[in-house]
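>
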Amino acid sequence: MTLAVAPPGDNRLSAIAADIAAHGWSWQPNLLPDELTAALRTELQALNARQDLEAAGIGREDAFQLDRSVRRTRISWLDGSSPAQEAFLAWAEPVRQSLNRELLIGLFEFEACFAVYPEGGFYDRHLDSFEGARNRVMSLVVYLNEDWQDDQGGALVIWPEGAGEAGTPAARLLPFGGGAAFMLSETIPHAVEVTHARRYAIAGWWRVNQSADKRVDPIS
Numbered sequence: 041m042t043l044a045v046a047p048p049g050d051n052r053l054s055a056i057a058a059d060i061a062a063h064g065w066s067w068q069p070n071l072l073p074d075e076l077t078a079a080l081r082t083e084l085q086a087l088n089a090r091q092d093l094e095a096a097g098i099g100r101e102d103a104f105q106l107d108r109s110v111r112r113t114r115i116s117w118l119d120g121s122s123p124a125q126e127a128f129l130a131w132a133e134p135v136r137q138s139l140n141r142e143l144l145i146g147l148f149e150f151e152a153c154f155a156v157y158p159e160g161g162f163y164d165r166h167l168d169s170f171e172g173a174r175n176r177v178m179s180l181v182v183y184l185n186e187d188w189q190d191d192q193g194g195a196l197v198i199w200p201e202g203a204g205e206a207g208t209p210a211a212r213l214l215p216f217g218g219g220a221a222f223m224l225s226e227t228i229p230h231a232v233e234v235t236h237a238r239r240y241a242i243a244g245w246w247r248v249n250q251s252a253d254k255r256v257d258p259i260s
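Read in order, the letters of the sequence shown correspond to residues 41 to 260 in my numbering.
The structure is reproduced here in structure tokens:
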């Protein structure tokens, strides 16, 4: 079965690029089509019911660790093996192309995972990539929740680039279904507040091509 969905329109794509150029992040309510949001939510709920999710850690490679005092969520990586996943990855490709065209940012490879925050789940303030590492350059979070209420918490809190721990957040975004947040991975601090209900999302990251002499960086 094929799930065909329309890509984001030119006006929305331009708005995303303009926001990122201006302040490093963008919030786009109702960006993901309803049909795709529902299909991805159904798949993630099934994975969660089967306990086919793994505890998410912090750090990468040698620095990876599980620390439930910092992050409490469970994930499953997308591999395009279902119609919903295939449709989502196809939906994300025009976004990459638009950002490259508008911002000359050189986004190359995309990786994404389902993420479930249980009741009481959270993620402390962090950056998605260390500046200069180039393993993640642009972050995307898409929400799959249905009928989310303000008192259920779980907001994505975003700080301006360079803001200290005591700095005033630039935004506090509730995870309404179909909404999408974009952030520069190396420079925009963010956190997930404690959620009071099960919270469904996809988190994704684009990185740049790090091919060099005698080393090819393929799309895996």
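Note that the Cβ used here is the ideal one computed from N, Cα and C, for glycine as well.
Spell out whether any CB of chain B is found under 9 angstroms from the CB atom of PRO69.
In the displayed structure, chain B is absent; only one protein chain is listed.
> Have a look at PHE148, ILE145, TYR163 and GLU94 and flag the residue whose alpha-carbon is nearest the alpha-carbon of VAL232.
Comparing Cα positions, the closest option is TYR163.
> Going by DSSP, which residues form a beta bridge with ALA58?
Paired residue(s): none; ALA58 is not in a bridge.
> Could you spell out where the beta strand (DSSP E) holding ARG114 opens and where it closes?
Counting along the chain, the beta strand (DSSP E) containing ARG114 begins and ends at 114-117.
> Hey, GLY218 and THR77: beta-carbon distance below 9 angstroms or not?
Contact flag set, yes.
> If we count the other Cβ atoms within 10 Å of its Cβ and call it buried at 16 or more, is GLU133 buried or exposed?
Under this definition GLU133 is an exposed residue.
> Should the segment 78-88 be regarded as contacting the segment 113-125, the criterion being three or more beta carbon pairs within less than 8 angstroms?
They touch, by the three-pair rule.
> Out of ILE145, VAL248 and GLY194, which has the shortest C-alpha to C-alpha gap to ASN175?
Ranking ILE145, VAL248 and GLY194 by Cα distance to ASN175 puts VAL248 first.
> Taking DSSP as the reference, what is the three-state secondary structure of GLN68?
GLN68 falls in the strand class under three-state DSSP.
> Bridge partners of THR235, per DSSP?
Paired residues: GLY193.
> Report the rounded CA-to-CA distance for HIS166 versus GLN91, giving the unit in angstroms.
One C-alpha to the other measures close to 27 angstroms.
> Relative to the alpha-carbon of GLY146, which residue among LEU224, GLY194 and ILE115 has its alpha-carbon at the smallest distance?
The shortest C-alpha separation from GLY146 is found at LEU224.
> I need the DSSP call for TRP246, collapsed to helix, strand or coil.
Note: TRP246 maps to strand in three-state DSSP.
> Rounded to the nearest angstrom, what separates ILE198 and THR42 at their Cα positions?
Looking at the two C-alpha atoms, the distance is approximately 36 angstroms.
> Any idea what DSSP makes of PHE216, helix, strand or coil?
In this structure, PHE216 counts as coil in the three-state DSSP scheme.
> Would you report the Cα separation of TRP246 and GLN189, rounded to the nearest angstrom?
Distance between the alpha carbons of TRP246 and GLN189: 30 angstroms.
> Select from GLU142, ASP74 and ALA62 the residue whose C-alpha is nearest the C-alpha of SER220.
The sequence given here places Ala at residue 220; Ser does not occur at that position. Of the candidates GLU142, ASP74 and ALA62, the one whose C-alpha sits nearest the C-alpha of ALA220 is ASP74.
> Considering only the beta carbon of each residue, do GLY193 and ALA237 sit closer than 9 angstroms?
Yes.
> If ASN185 and PRO215 are in contact, beta carbons under 8 angstroms, what's the gap, nearest whole angstrom?
About 5 angstroms; that satisfies the 8 angstroms criterion.
> Use the C-beta contact count for SER179: other C-beta atoms within 10 angstroms, 16 or more gives buried, fewer gives exposed.
So SER179 counts as buried.
> Along the chain, where does the beta strand (DSSP E) that runs through ALA155 open and close?
That run of the beta strand (DSSP E) goes 147-157.
> Helix or strand or just coil, what does DSSP make of ASP168?
Coil, per DSSP.
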